[in-house]
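Trainee: These protein sequence lines are chains A and B, in that order.
The first sequence begins at 8 in the numbering used here and counts up by one.
The second sequence begins at 176 in the numbering used here and counts up by one.
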Amino acid sequence: DAKTTQPTSMDCAEGRAANLPCNHSTISGNEYVYWYRQIHSQGPQYIIHGLKNNETNEMASLIITEDRKSSTLILPHATLRDTAVYYCIVRGDSGAGSYQLTFGKGTKLSVIP
Amino acid sequence: SAVISQKPSRDICQRGTSLTIQCQVDSQVTMMFWYRQQPGQSLTLIATANQGSEATYESGFVIDKFPISRPNLTFSTLTVSNMSPEDSSIYLCSVAVRRTNTGELFFGEGSRLTVL
Numbered sequence: 008d009a010k011t012t013q014p015t016s017m018d019c020a021e022g023r024a025a026n027l028p029c030n031h032s033t034i035s036g037n038e039y040v041y042w043y044r045q046i047h048s049q050g051p052q053y054i055i056h057g058l059k060n061n062e063t064n065e066m067a068s069l070i071i072t073e074d075r076k077s078s079t080l081i082l083p084h085a086t087l088r089d090t091a092v093y094y095c096i097v098r099g100d101s102g103a104g105s106y107q108l109t110f111g112k113g114t115k116l117s118v119i120p
Numbered sequence: 176s177a178v179i180s181q182k183p184s185r186d187i188c189q190r191g192t193s194l195t196i197q198c199q200v201d202s203q204v205t206m207m208f209w210y211r212q213q214p215g216q217s218l219t220l221i222a223t224a225n226q227g228s229e230a231t232y233e234s235g236f237v238i239d240k241f242p243i244s245r246p247n248l249t250f251s252t253l254t255v256s257n258m259s260p261e262d263s264s265i266y267l268c269s270v271a272v273r274r275t276n277t278g279e280l281f282f283g284e285g286s287r288l289t290v291l
């Protein structure tokens, strides 16, 4: 799976949009971009994933650049409960091995009142 | 989604002892994994729990230290053997649900082990 690079930490004001970047310049054509987050003392939680098109669900939006070398997770209206470590993960989507996730260090997002 | 129950949620153990962590899922799942999260670190995959056969271990993890069982589609155990303080970590069970097509994994809340 391709390697990802994320900022170590970010701050965001409550109620504002949080934009979390991720670089994955070595991503290959069949690899998806997944985002998970881990709130303190909890297991990771799935947020969203995408291949090449932008995606949106009830939690967030995922913007993937046209060359797929980077992406941005957007939390449209951050709340204090969104304070967590956010992991950007690239993985293939075929075969049994595709279910495995390789976690990097992630971005620690702090939402400030 | 899948509801994952892990037991124990936390424990304090003595050096040299072994502890078995249980993972129970409320639905049949295709894949089950065990992860370790050392203090202040990210998650590291230990192994894939295979139903009815030996687990598939990642580099750096061996069966003698982390024996794993998976007798059916909803249950797995991870044993941390002959524990040392370096084994103090959160151990997490993760599953892939057959019926979903998103490929997402669900995680338990983890079992926090402290080895004295």
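A virtual CB, placed ideally from N, CA and C, is assigned to each residue, including glycine.
Please read these numbers as outputs of a predicted model, since none were measured by experiment.
My guess is that P242(B) and T254(B) are in contact by the Cβ rule of under 8 Å, so how many angstroms apart are they, rounded?
Mentor: 5 Å
Trainee: When you check each C-beta in the region 74–88 of chain A against every C-beta of chain B, which residues fall closer than 7 Å?
Mentor: none
Trainee: Is there a Cβ of chain A sitting closer than 8 Å to that of E229(B), yes or no?
Mentor: no
Trainee: Quick check on the burial criterion: 16 or more other C-beta atoms within 10 angstroms. Buried or exposed for V237(B)?
Mentor: exposed
Trainee: Check whether the Cβ atoms of T1(A) and K76(A) lie closer than 8 Å to each other.
Mentor: This structure cannot speak to residue 1(A), because chain A is shown only from 8 to 120.
Trainee: From the beta carbon of L253(B), is the nearest beta carbon of chain A less than 8 Å away?
Mentor: With 8 Å as the cut-off, L253(B) does not count as an interface residue toward chain A.
Trainee: Are the C-beta atoms of E261(B) and some chain A residue less than 8 Å apart?
Mentor: no
Trainee: Let me check understanding here. Comparing Cα to Cα, which of M207(B), P260(B) and S184(B) lies closest to E279(B)?
Mentor: M207(B)
Trainee: Does the structure place the region 196–212 of chain B close enough to the region 259–274 of chain B that three or more beta carbon pairs sit under 8 Å?
Mentor: yes
Trainee: I'd like to know if Y93(A) contacts chain B, where contact means its C-beta is closer than 8 Å to some C-beta of that chain.
Mentor: no
Trainee: Please state the DSSP three-state secondary structure of P14(A).
Mentor: Residue state, collapsed to three classes: coil.
Trainee: Got a sec, what are the start and stop residues for the beta strand (DSSP E) R23(A) sits in?
Mentor: R23(A) -> no beta strand (DSSP E), and no H or E assigned at all.
Trainee: Ignore the nearest five residues each way along the sequence and tell me which others in L248(B)'s own chain have a CB closer than 7 Å to its CB.
Mentor: Counting only Cβ-Cβ distances below 7 Å, and skipping sequence neighbours, we find Q203, V204 and Q226.
Trainee: Kindly indicate which residue of G111(A), S117(A) and L80(A) has the alpha-carbon position closest to the one of E11(A).
Mentor: The question names Glu, yet the displayed sequence has Thr at residue 11(A). Nearest of G111(A), S117(A) and L80(A) to T11(A), Cα basis: G111(A).
Trainee: Taking Cβ positions, are S68(A) and I81(A) nearer each other than 8 Å?
Mentor: yes
Trainee: Any C-beta of chain B within less than 9 Å: which residues of the region 105–120 of chain A qualify?
Mentor: Here the close residues are S105, Y106, Q107, L108, T109, F110, G111, K112 and G113.
Trainee: Can you tell me where the beta strand (DSSP E) with D186(B) in it begins and where it stops?
Mentor: R185 to C188
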